[in-house]
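Contents: one structure, followed by commentary.
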Amino acid sequence: MTSQSVLTIAQQALFIAVLVSAPLLLTALVVGLVVSIFQAATQINEMTLSFIPKLLAVFAVLLIAGPWMVTQLVDYVHRLFTSIPQVIG
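Just so you know, we're using our numbering here: the sequence shown kicks off at 429 and counts up by one.
Put into C-alpha cells, the structure is as follows:
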C-alpha cells in the first residue's frame with residue numbers, strides 16, 4: 429500500500445462525506461437564513477422560532493434524500509472493499 433493509494437482513499441472518503449451531508453446542511457442554512465430575515469423584519473427574537481422550522485426541514489430532506497444518501501455510502505463501501513486486493517497486492 430503506497431502513500432498515494434492512502435491519499436486517494438482518504439480523498440474519496442472526504443468527498444463522499446461532503447456529498448452526503450450537503451443536502452442536510454444546505455437545507456438548514458437556507459431555512460435558517462429565511463427565518464433570520466423574517467425575525468429581523470418582524471423584530472421577533474424567539475429562539476424556538478428558528479429551531480423548529482430547521483428541524484422540520486432537515487427531517488423532510490432526510491426523508492426525501494435518505495435513500496440516495498444510503499446508496500452513496502453503500503456504493504463507496506462496496507468500491508472500497510472490492511479494491512482491497514488491488515491495494516494490498
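Just so it is clear, CB atoms sit at the ideal spot from N, CA and C, and this is done for glycine as well.
Residues of the same chain with a CB within less than 8 angstroms of the CB of residue 460, apart from the 5 flanking positions on each side, are 478, 482 in chain order.
The distance from the Cβ of residue 433 to that of residue 515 is about 5 angstroms, consistent with a contact at the 8 angstroms cut-off.
Residue 439 carries a helical assignment under DSSP once its states are collapsed to helix, strand and coil. Membership of residue 514 in the alpha helix (DSSP H) is indicated by the continuous run 512-516. The alpha-carbon of residue 435 is positioned some 46 angstroms away from that of residue 474. For a cut-off of 8 angstroms, the C-beta gap from residue 452 to residue 486 is around 5 angstroms, short enough to register as a contact.
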